[in-house]
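**Q** Following this note's numbering, the numbering of the sequence shown begins with 45 at its first residue and continues without gaps. C-beta: ideal position from N, C-alpha, C; glycine also.
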Amino acid sequence: MRFLYAIAILIASLLLFIASLVIRNFFSAPDTLTQTISINGDAPVTVIDAKELRRIANTETIAVSTEPNAASPVTIAWGRTPDVKAWIGSASYQLLTVTKKSGEITESVVSGIEPSVPDPRGSDLWVQEWDGNADVSAELALRKGNSIVIVSDGTAPAPRSITIIWNLEVDRTIPTILLYLAGTSGLAGLGFLAVALWKERRQRRHRQGRMPKSPKPPRWRPSRGGPLDRFKPKGRRGRRFAGFIAGGLLIPVVLAGCSSDATPQQTPTPVATGDLPYVAVTSEQFDRILESITTTLADADSKRAENLAGTRLSDAALRFRGATYRVKSISKKLGSLFTIPNGTVSLLLPQQTETWPRSVFAIVDDPKNPDAASVALVMTQEGPRSNFLVSYTFALEPGVVMPEVPSAEYGTAVLPGDTELLSSTPEQIAKQYGDLLLNGDASAYASLFDTDTLQQQIGAGAKATRSDAMAGKARFSWTESMAEDPPVVFATTDAGALVALTITEAETVRPAKDGAAISTEGAVRALSGRSSSMRGITANYQYQLLLYVPAIGSASKARLLGYSYALVSAQEIR
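#1: Using a 10 Å radius around the Cβ and a threshold of 16 neighbouring Cβ atoms, would you call Trp242 buried or exposed?
#2: Take the Cβ of Gln425 as the centre, count every other Cβ of all protein chains shown within 10 Å, and call the residue buried at 16 or more, exposed below.
#3: At 3 residues or longer, and completely inside the segment 427-455: list those beta strand (DSSP E) runs for me, N to C.
#4: Find out if the Cβ-Cβ distance for the pair Pro201, Asp86 is shorter than 7 Å.
#5: Using a Cβ distance threshold of 8 Å, determine whether the segment 135-150 contacts the segment 401-411, with at least three qualifying pairs required.
#6: Considering only the beta carbon of each residue, do Leu140 and Ile209 sit closer than 7 Å?
#7: List the whole-angstrom C-beta distance separating Arg569 from Ile617, where the pair is believed to meet the contact cut-off of C-beta under 8 Å.
#8: Taking Gly559 as the reference, which of Val422, Pro530, Lys517 and Thr536 has the closest Cα?
#9: Give the secondary structure of Gly123 by DSSP, where H, G and I count as helix, E and B as strand, and everything else as coil.
#10: Spatial neighbours of Ser57 within its chain, please: C-beta separation below 7 Å, excluding the five flanking residues on both sides.
#11: Which parts of the segment 356-403 are runs of the beta strand (DSSP E), unbroken and 3 residues or longer, counting only runs that do not cross its ends?
#12: So, helix, strand or coil for Arg554, using DSSP?
#13: Taking Asn483 as the reference, which of Arg99, Lys507 and Ser435 has the closest Cα?
#14: So, Asp179 versus Ser116, is the Cβ gap smaller than 7 Å?
#15: Can you give me the C-alpha to C-alpha distance between Leu272 and Tyr49, rounded to a whole angstrom?
#16: Can you list, in chain order, the residues of its chain with a C-beta nearer than 6 Å to that of Gly629? Leave out the 5 residues immediately preceding and following it.
#17: Please go through the same chain and pick out, in chain order, the residues whose beta-carbon is closer than 7 Å to the beta-carbon of Arg98, but skip the five residues on each side of it.
#18: Taking Arg204 as part of the beta strand (DSSP E), name the residues at either end of that continuous run.
#19: Can you give me the Cβ contacts of Ile206 inside the same chain, cut-off strictly under 6 Å, excluding the 5 residues immediately before and after it?
#20: Give the DSSP-derived three-state secondary structure of Gly85 in the structure shown.
#21: From what residue to what residue does the alpha helix (DSSP H) around Tyr477 run?
#22: By DSSP, does Trp131 sit in helix, in strand, or in coil?
#23: Could you compute how far the alpha carbon of Ala130 sits from the alpha carbon of Pro428?
#24: Please classify Gln586 as buried or exposed, where buried requires at least 16 other C-beta atoms within 10 Å of its C-beta.
#25: Terminal residues of the continuous beta strand (DSSP E) containing Ala182?
#26: Provide the residue span of the beta strand (DSSP E) that contains Ala583, from first to last.
#27: Give me whichever residues DSSP pairs with Asn211 in a beta bridge.
#28: Can you tell me whether Ser525 is buried or exposed, with buried defined as 16 or more other CB within 10 angstroms of its CB?
#29: Identify whether Thr103 lies in helix, strand or coil by the three-state DSSP scheme.
#30: Considering Arg569, what are the terminal residues of the alpha helix (DSSP H) in which it resides?
#31: Please state the DSSP three-state secondary structure of Gly156.
#32: What is the rounded straight-line gap between the Cα of Ile218 and the Cα of Gly235?
#33: Output the boundary residues of the alpha helix (DSSP H) element that contains Ile502.
#34: What is the residue span of the alpha helix (DSSP H) that Thr338 lies within?
#35: Quick one: what does DSSP say Val323 is sitting in, helix, strand or coil?
#36: Use the C-beta contact count for Met446: other C-beta atoms within 10 angstroms, 16 or more gives buried, fewer gives exposed.
What follows is the structure, encoded as structure tokens:
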């Protein structure tokens with residue numbers, strides 16, 4: 045009988061397994077919905093809003109192909125809807141809509157006055173991008189507020205054939221339960237079979253050679269019963285009845301163990317946050333932009349191509365690069381390039397804006413070199429069809445403590461360059477810090493600043509030491525001024541600001557005596573083209589400064605958070 049029970053259970057598990065497969069493969073709804081549309085319009089762009097795709101499901105695959113026998117470039121990209129519309133501008137485009145439930149795709153043309161758009165490849169507006177020739181596919185899961193663009197090269201009509209495959213959520217509860225039951229019953233059947241085989245083997249060994257033991261006479265035992273002995277079950281039937289009663293008594297105990305606690309656990313109430321403000325870039329977007337910048341600069345550095353570096357740098361950051369390229373073209377041992385790591389973004393502070401130009405402040409750490417100083421960047425995008433350009437680069441001060449700033453999701457305001465909401469305007473702070481570098485503690489503005497490493501390196505004390513070392517041979521003079529680069533001011537949460545600006549320090553060296561000459565070396569010789577001069581040499585150094593400037597009326601001091609510098613030019617005195 046045990047073998048029959050085991051075989052019956054195994055047959056039942058097999059039937060359950062077959063039933064789960066049949067229901068899953070033949071009676072369940074399909075897990076994908078596929079729709080294809082042939083584009084009739086000749087506009088250079090096709091646009092699909094994410095809210096249209098979400099009418100069917102949250103995850104979809106978009107496959108795009110060009111006309112037969114054509115190998116035109118194809119780009120699928122997505123970004124935030126306002127950014128996508130700004131990039132399209134006044135150009136015509138095809139707008140695709142999706143019918144709910146059926147997934148039918150319809151096309152409508154939005155007319156514009158521009159016949160083309162820029163080449164979409166590599167635009168900083170895209171959060172993700174897929175490029176190829178003739179056929180391209182992309183798997184997406186977009187939230188509302190984003191849109192997809194499908195473009196060829198920006199001039200030719202957009203790709204003709206678009207297929208959307210939605211991944212549907214299908215209820216597979218019944219076949220899943222049957223599958224679990226099949227597995228459980230199969231294991232139980234195997235267990236019964238194993239027990240049956242073991243008992244059969246044991247009985248066979250007993251029959252083959254072991255003699256039964258002689259019966260023992262009954263032994264008298266004194267009664268130890270109590271008043272409840274009358275209810276003690278007697279015989280086989282009594283024991284079965286007792287087991288039944290015990291099982292019945294255990295049911296409430298088990299149910300009590302499965303019941304909820306006397307004190308119900310409170311579920312946290314979700315807090316309504318509302319829509320987040322619009323910021324210049326998202327974290328995903330910035331990671332992609334940073335990777336593009338570091339890749340481009342690595343290529344430019346290897347070729348010392350200033351025009352290539354100019355596709356990702358501007359203002360003082362580009363001047364620093366260009367001057368270093370010129371110095372290295374004369375001697376590879378001269379000059380050092382400021383490296384922007386493609387590393388961990390420890391702080392991202394985008395501008396809170398929907399318009400252009402828009403700026404971003406970020407701090408990036410190099411995981412490959414944990415001892416290296418953190419690098420701070422300021423990037424600005426002039427328009428939706430332009431890429432972000434790095435205008436400021438800083439190496440942060442050792443042990444720097446950054447002021448508190450809003451999160452990357454909320455962003456911050458970028459104040460105008462002549463703002464009067466701070467203890468000093470950017471122009472005033474540049475003048476004050478320049479005077480501090482020239483005069484040190486004797487400066488009228490010394491009490492406004494905390495000490496920093498730049499003052500130690502090039503401040504009044506360092507200048508006096510250098511002048512004393514060349515006494516009788518050369519005469520030094522210095523002037524400080526604010527460069528023409530527009531300052532960028534990011535508001536902090538305490539009403540202060542992070543101020544990025546550039547100052548120029550002109551160092552003039554003249555012979556100490558008439559008829560004598562001074563000699564040059566290193567980068568000054570390379571940029572001036574003079575090995576010596578009887579008139580004198582003026583070397584122009586520029587310093588990019590990242591300063592924390594407190595709010596107006598605050599008792600806090602201004603602090604230098606980071607800096608970078610380079611010799612940008614040198615010439616003989618005329």
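**A** According to the data block:
#1: Label assigned to Trp242: exposed.
#2: Buried is the label assigned to Gln425, since at least 16 other Cβ atoms lie within 10 Å of its Cβ.
#3: At a cut-off of 3 residues, the continuous stretches assigned as beta strand (DSSP E) that sit fully inside the segment 427-455 are 433-440.
#4: Yes, these two residues count as a Cβ contact at 7 Å.
#5: No, because fewer than three Cβ pairs between the segment 135-150 and the segment 401-411 fall closer than 8 Å, the two stretches do not touch.
#6: Not a contact, by the Cβ cut-off of 7 Å.
#7: Not really, about 15 Å apart at Cβ, beyond 8 Å.
#8: Ranking the options by Cα distance to Gly559, first place goes to Lys517.
#9: In the three-state reduction of the DSSP assignment, Gly123 falls in the strand class.
#10: Shown here for Ser57: same chain residues with a beta carbon closer than 7 Å to its own, the five before and five after excluded, namely Ala226, Ser229, Gly230 and Gly233 in chain order.
#11: Complete beta strand (DSSP E) runs here, min 3: 388-394.
#12: Under the three-state reduction of DSSP, Arg554 is assigned to strand.
#13: That would be Lys507, whose Cα lies nearest to the Cα of Asn483.
#14: With contacts defined by Cβ atoms closer than 7 Å, Asp179 and Ser116 do not form a contacting pair.
#15: The predicted model places Leu272 with a pLDDT of 45, which falls under 50 and marks its position as unreliable, so this point remains unresolved.
#16: No information on residue 629 is available, as it lies outside the stretch 45 to 618 that the chain covers here.
#17: Counting only Cβ-Cβ distances below 7 Å, and skipping sequence neighbours, we find Lys188.
#18: No residue range can be given for Arg204, since it is assigned to no beta strand (DSSP E) and is classified by DSSP as neither H nor E.
#19: Same-chain partners within the cutoff: Ile81 and Val108.
#20: Correct three-state label for Gly85: coil.
#21: From DSSP, the alpha helix (DSSP H) with Tyr477 extends over Pro470 to Asn483.
#22: Here Trp131 sits in helix by DSSP.
#23: Taking the straight line joining both Cα atoms gives about 6 Å.
#24: By the 10 Å Cβ count, Gln586 comes out buried.
#25: DSSP places Ala182 inside the beta strand (DSSP E), whose first and last residues are Asp179 to Leu184.
#26: Counting along the chain, the beta strand (DSSP E) containing Ala583 begins and ends at Ile581 to Val593.
#27: According to DSSP, which records beta bridges pairwise, Asn211 is partnered with Thr76.
#28: With fewer than 16 other Cβ atoms within 10 Å, it is exposed.
#29: In the structure shown, the three-state DSSP call for Thr103 is coil.
#30: Unbroken alpha helix (DSSP H) run through Arg569: Gly566 to Ser572.
#31: In the structure shown, Gly156 sits in coil (DSSP, three-state: anything other than H, G, I, E or B).
#32: Approximately 26 Å, taken between the alpha carbons.
#33: Ile502 -> alpha helix (DSSP H) spans Thr497 to Ile502.
#34: Annotation for Thr338: the continuous alpha helix (DSSP H) segment containing it runs Ser327 to Lys347.
#35: Assigned with DSSP and collapsed to three states, Val323 falls in coil, not helix or strand.
#36: The residue in question, Met446, is buried, as its Cβ has 16 or more Cβ neighbours within 10 Å.
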